[in-house]
Amino acid sequence: MKRAAPFAVFTAVLAMTLVVTAGNGQASQSGGKSAAVAGVKIDNFSFAPATLTIAAGTTVTWTNDDDVPHTVVSDDKTTFKSSALDTGDHFSYTFNKSGKYSYFCSVHPRMTAEVVVQ
Amino acid sequence: MTEQNWKLRQREHENGGTGVTNYIDRNLDRDGVDRRGFLKCMAWAGTGTLCVLQGGVLNSFALTDVLQHKVGKLSGELSFVQISDSHIGFDKDANRDVTATLGEAIAKVNALATPPSFVLHTGDLTHLSKPEEFDTLSESLKSLKTDRIFYVPGEHDVLNDNGAMFHARFGKETQGDGWYSFAQNGAHFIGLVNVLNLKAGGLGNLGSAQLEWLRKDVAGLKSGTPIVVFAHIPLWAVYPQWGWGTDDSEQALAYLRRFGSVTILNGHIHQTMQKVEGNVTFHTACSTAFPQPQPGQAASPGPMKVPVGKLRSVLGITDVNFVRGKHTLGITDSSLA
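From first to last, the protein sequence lines stand for chains A and B. For the record, in the first sequence the residue sitting at position 63 is 602 according to the working numbering, with numbers rising by one throughout. For the record, in the second sequence the residue sitting at position 153 is 158 according to the working numbering, with numbers rising by one throughout.
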């Protein structure tokens, strides 16, 4: 392996530092480009919050805290569809497109909720 | 009509959950049955009461009396057993060993004075539709002393594959998505699947293909043929808020109402409940795994923890006796302890 020239290493480190700093700078601004996350808790045969409002590009993670398995399935059954989540399991989906996404638990279909993407 | 019947049940539960009430909304049936007596009988169904309708008169016997031979043996020409909701794979507080309690239920079936001609499992065999759970279930049932076991799936059996695995194991001789019928001792048995293709916000679902199959299946039968339907989710609106009902069951019932005796056996709600509507008797069975709360008595219909010593008293099996010429089948629920 060739030894990197000291100047090249310095430049690389400087560049990386600048990138990291810039990244941090962006993250601290509101509406920044860093990935946002949100959570939905599944318990007592319900999704909480029942209506989750997020910005486009947000990744939503569902966590099943209930005693029984549940699923997270969009009403059209194709946009997003989790496998069966046992207690403690998670499912994530990133909403890139704005709109209203109604979903339900395909095992207990009376459990319904929605994600509103702005 | 089902909504009115549900209000009747709700009134019972508003009476502190004892289910005993002398208030009757209206005489829902024209068969001369004493509604008052029947309501009291339903209240005690969970603790083990044999209710037998004979010639329009209701006779009820405490199960302990029946088991201790204090009443005459209610023999019939056909007897079979229903077990339900074994949930193999469940391991939370409500029951840490569902395989053991299933084993106890099997032992109870094997101890019956009259061995059942066959056994019906009305679904939720497994908890998570896993292959090893189906394996354990099948292995456990090998010790059942009966000639045949019939199955219908619960929603826990069809979790990830729309029921493909269940169908491969238990649905080889079925139609469509898994429905079927068979005759035994002059009675006609129908297994229905109401846990597939569920829609957001909906209840159980039979679907048009199954309903059309059902219409044709019973079309040629004489009205005097006793009909027994078994399906996982109740075919009447027990408690829609908790998903305890089937959206399109009315159409199925319309095809069955001309028959003199119709018995509908369901599971799903993990407690015994019974309703009579003309010639149709609806009955739900206990689970062999864990109980669930009575309608509206808890935040949700999930597994209900009971004191350690009480668990086996809220799990159980259902023994059904058919006597030719009698109006309805004799249905006996008995707990594991």
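Glycine included, each C-beta is placed from N, C-alpha and C at the ideal position.
Residue 307 (chain B) touches chain A at which residues, Cβ-Cβ below 8 angstroms?
583, 584, 605, 606 and 607
Rounding to the nearest angstrom, what Cα-Cα distance links residue 266 (chain B) and residue 247 (chain B) in this structure?
29 angstroms
Shorter than 8 angstroms from the beta carbon of residue 186 (chain B) to some beta carbon of chain A?
no
Secondary structure of residue 140 (chain B), DSSP reduced to three states
helix
Who are the neighbours of residue 271 (chain B) on chain A, taking C-beta pairs under 8 angstroms?
The contacting residues do not exist; residue 271 (chain B) stays about 16 angstroms from chain A at best.
Presumed contact (8 angstroms Cβ cut-off) between residue 179 (chain B) and residue 270 (chain B), rounded CB distance
Not confirmed; about 17 angstroms, so no contact.
Should the segment 617-628 of chain A be regarded as contacting the segment 589-598 of chain A, the criterion being three or more beta carbon pairs within less than 8 angstroms?
no
Check whether chain B comes within 8 angstroms of residue 600 (chain A), counting only Cβ atoms and requiring the distance to be less than that.
no
Just the Cα atoms here: how many angstroms apart are residue 638 (chain A) and residue 654 (chain A)?
8 angstroms
What are the residues of the segment 621-646 of chain A that lie near chain B, defined by any Cβ-Cβ distance shorter than 8 angstroms?
622, 623, 625, 626, 641, 642, 643, 645 and 646
When the Cα atoms are used, what is the spatial distance from residue 92 (chain B) to residue 610 (chain A)?
17 angstroms
State yes or no: is the C-beta of residue 183 (chain B) within less than 8 angstroms of the C-beta of residue 193 (chain B)?
no
Looking only at its own chain, which residues have a Cβ that is under 8 angstroms from the Cβ of residue 195 (chain B), when we skip the five neighbours before and after it?
184, 185, 186, 219, 222, 223, 232, 233, 234 and 235
Quick one: measure Cβ to Cβ for residue 238 (chain B) and residue 209 (chain B), integer angstroms, because I've assumed they're closer than 8 angstroms.
3 angstroms
Chain A contacts from the segment 235-264 of chain B (Cβ-Cβ distance under 9 angstroms)
245, 246, 247 and 248
Output, in sequence order along the chain, the residues in the segment 158-179 of chain B whose CB is closer than 8 angstroms to any CB in chain A.
160, 161, 164 and 165
What are the start and end residues of the alpha helix (DSSP H) that includes residue 175 (chain B)?
169-175
Compare the C-beta of residue 590 (chain A) against all C-beta atoms of chain B and say whether one is closer than 8 angstroms.
no
For residue 275 (chain B) versus residue 90 (chain B), is the C-beta spacing smaller than 8 angstroms?
yes
Starting from the C-beta of residue 228 (chain B), find all residues in its chain whose C-beta is less than 8 angstroms away, skip the five residues before and the five after it, and write them out in chain order.
263, 264 and 265
Assigned secondary structure, residue 111 (chain B) (DSSP; H/G/I helix, E/B strand, else coil):
helix
Compute the beta-carbon to beta-carbon distance between residue 97 (chain B) and residue 308 (chain B), rounded to the nearest angstrom, for a pair I have assumed lies under 8 angstroms.
6 angstroms
Can you give the Cα-Cα distance for residue 100 (chain B) and residue 300 (chain B), rounded to whole angstroms?
21 angstroms
Could you give the distance in angstroms between the alpha-carbon of residue 146 (chain B) and the alpha-carbon of residue 114 (chain B)?
11 angstroms
Could you name the residues of the same chain whose beta carbon sits closer than 7 angstroms to that of residue 94 (chain B), not counting the 5 residues immediately before and after it, in chain order?
131, 132, 133, 135 and 138
Would a C-beta distance cut-off of 8 angstroms place residue 121 (chain B) and residue 584 (chain A) closer than the cut-off?
no
Taking Cβ-Cβ distances shorter than 7 angstroms, what residues in chain A pair up with residue 205 (chain B)?
614, 641, 643, 648 and 651
Reference residue 339 (chain B); option with closest CA among B:327, B:328, B:333 and B:317:
B:317
Can you tell me whether residue 644 (chain A) is buried or exposed, with buried defined as 16 or more other CB within 10 angstroms of its CB?
buried
Using only alpha-carbon positions, find the residue among B:251, B:158 and B:118 that is nearest to residue 88 (chain B).
B:158
If we cut at 8 angstroms on Cβ distances, does residue 321 (chain B) have a partner in chain A?
no
Mapping the DSSP letters down to three states, classify residue 282 (chain B) as helix, strand or coil.
strand
So what does residue 334 (chain B) bridge to, in DSSP terms?
Paired residue(s): none; residue 334 (chain B) is not in a bridge.
Output the distance between the C-alpha atoms of residue 292 (chain B) and residue 629 (chain A), rounded to the nearest integer angstrom.
28 angstroms
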